[in-house]
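Residue numbers (our numbering): 50 to 183.
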Ligand SMILES: [Fe+2]
Ligand SMILES: [Fe+2]
């Protein structure tokens, strides 16, 4: 298991907390496949990860816009940085099929980015959605 639910900060918006829980599940599944060096399983789960991340980011972006959140662009820029990295690593996966490289990305890059992004941008944004309510 790469990320435990307790490692992720709860934010003041239940939709966002739900998106984060889903994301952790998807990440842990692909990380299991990476540890098992199961190429076929990773092939199957990588598109699931891409889909889930896009769902996570775009749902937050829609909520920010609907609530006229002032730091929309900065928060979105941080999503875009990770969108680009994921795209790059997916391309490299398609060519190299290297579980080792993917493991490094998930454990070093992605995990720390997610934990930090949620504690900084998502928690701040959640306070400004729907008047900070649930
Ligand atoms: Fe988020
Ligand atoms: Fe976010």
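Glycine included, C-beta positions come from ideal geometry on N, C-alpha and C.
In the structure shown, the three-state DSSP call for residue 85 is coil.
In the structure shown, residue 60 adopts coil according to DSSP, grouped into three states. Put simply, the stretch 166-175 touches the stretch 104-122. At least three CB pairs are less than 8 angstroms apart. Distance from the Cα of residue 74 is smallest, within the candidate group 62, 59 and 94, for 94. Distance from the C-beta of residue 65 to the nearest heavy atom of ligand 1 is below 7 angstroms. The beta carbon of residue 178 sits no closer than 7 angstroms to any heavy atom of ligand 1. In the three-state reduction of the DSSP assignment, residue 51 falls in the coil class.
A buried status is given to residue 125, since no fewer than 16 other beta-carbon atoms sit within 10 Å of its beta-carbon. Cα atoms of residue 61 and residue 103: separation of roughly 21 angstroms, rounded to the nearest angstrom.
Annotation for residue 154: no alpha helix (DSSP H) segment contains it, and DSSP assigns it neither H nor E. Between ligand 1 and the CB of residue 165, the shortest heavy atom gap is not smaller than 7 angstroms.
In summary, residue 100 is exposed, with fewer than 16 beta-carbon neighbours lying within 10 Å of its beta-carbon over all protein chains present.
Counting of Cβ neighbours within 10 angstroms places residue 50 among the exposed residues, the total staying below 16.
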